[in-house]
Ligand SMILES: Nc1ncnc2c1ncn2[C@@H]1O[C@H](COP(=O)(O)OP(=O)(O)O)[C@@H](O)[C@H]1O
Ligand SMILES: [Mg+2]
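This is the structure in structure tokens:
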């Protein structure tokens, strides 16, 4: 029987060494991702949210095998892929693709769009032959104008360049698409167009997606379930609408309260989380959020709360709630 989940992440962690002194000895570590576990079901769009620096990109890169994990496992469609070498990873690379926040930086300015988008296909087939028909088709599918293949990235707008990135990610017909802040660099009006396109492509290509964003509003409209990260740790998971309307973790609540209210006459109950996010090179003991938490109790200062089930697919890591 096929597994209902496409991706399982178990206790995944990443510590970046910090070097210091004249001899460049390792003097500490940045716990960018700290013991993160979750699953993504086939056909699901899973959102991962949290402030900048909380470890979302590092987590995504480890899942795709672009960055080695310090510990933990990644299981893709039943196969553990955490410790595969390059050759063993190749078939999975095809099935797992990524789109980035910055479509400009990730597109080679000296190559035509046709060459950029067709490249994964040429590499996969190990041939130098051009693949214009497939390229034309995928460019049309992502909504780029006729003739785009012969033009260069700088001739396109920001939104169109993100469409080029999406075309390149989808040309190999992956099962899994990781979108790392794909609309954060775009104007709000263009954001909506790209999000609509992603929803459409998800159905069309039977994709399972992980959608990384610092903006809870963006994931709410697009995702089935959402995970919330704080300082490298997953602190809450739940169905998108549930999590948004009934946040359980005080940090999730603070994120929601920090969303600007379109109507200025509506006053907020609170100002969200107090103060700044501590550094992941020196995270506070106990619950990482306790330094900013309005609900903290003694236990929060010294005991890390586990992510535990709270019914109806909800998980939260909090001693108080
Ligand atoms: N290659 C690296 N070397 C050292 N520290 C890194 C590296 N990449 C990311 N970090 C640190 O890890 C933390 C998490 O970063 P990142 O995963 O980019 O967060 P996010 O994507 O949520 O903004 C940050 O403190 C960042 O500075
Ligand atoms: Mg990031």
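Numbering (this note's numbering), first residue to last: 886 to 1206. Every residue gets a Cβ at the ideal spot worked out from N, C-alpha and C, and that includes glycine.
Distance CB(residue i)-CB(residue j) smaller than 8 angstroms
i: residue 1070; j: residue 1134; result: no
i: residue 1062; j: residue 1052; result: no
i: residue 1204; j: residue 1186; result: no
i: residue 917; j: residue 931; result: no
i: residue 1166; j: residue 903; result: yes
i: residue 1075; j: residue 1028; result: no
i: residue 1093; j: residue 941; result: no
i: residue 1219; j: residue 1034; result: Look at the range of the chain in this structure, 886 to 1206, and you will see that residue 1219 is not part of it.
i: residue 915; j: residue 890; result: no
i: residue 1196; j: residue 923; result: no
i: residue 997; j: residue 1036; result: yes
i: residue 1171; j: residue 1144; result: no
i: residue 963; j: residue 888; result: yes
Cβ neighbour criterion (16 or more within 10 Å) applied to residue i
i: residue 1039; result: exposed
i: residue 1168; result: buried
i: residue 949; result: buried
i: residue 1184; result: exposed
i: residue 956; result: exposed
i: residue 910; result: exposed
i: residue 1182; result: exposed
i: residue 1060; result: buried
i: residue 1096; result: buried
Helix, strand or coil at residue i [DSSP, three-state]
i: residue 1144; result: coil
i: residue 1044; result: helix
i: residue 893; result: strand
i: residue 1123; result: strand
i: residue 1186; result: helix
i: residue 867; result: Summary: the structure shown does not reach residue 867, with the chain confined to residues 886 through 1206, and so no result is reported for it.
i: residue 1118; result: strand
i: residue 1164; result: coil
i: residue 978; result: helix
i: residue 1033; result: helix
i: residue 1170; result: coil
i: residue 1202; result: coil
i: residue 1133; result: coil
i: residue 928; result: coil
i: residue 1156; result: Note that residue 1156 scores a pLDDT of 49, beneath 50, so its modelled location is shaky; the value from the coordinates is reported in the next line. Of the three classes helix, strand and coil, the one that applies to residue 1156 here is coil, per DSSP.
i: residue 948; result: helix
Requested in this report: Would you list, in sequence order, the uninterrupted beta strand (DSSP E) runs of no fewer than 3 residues that lie entirely inside the region 1042–1092?
Outcome: 1061–1065
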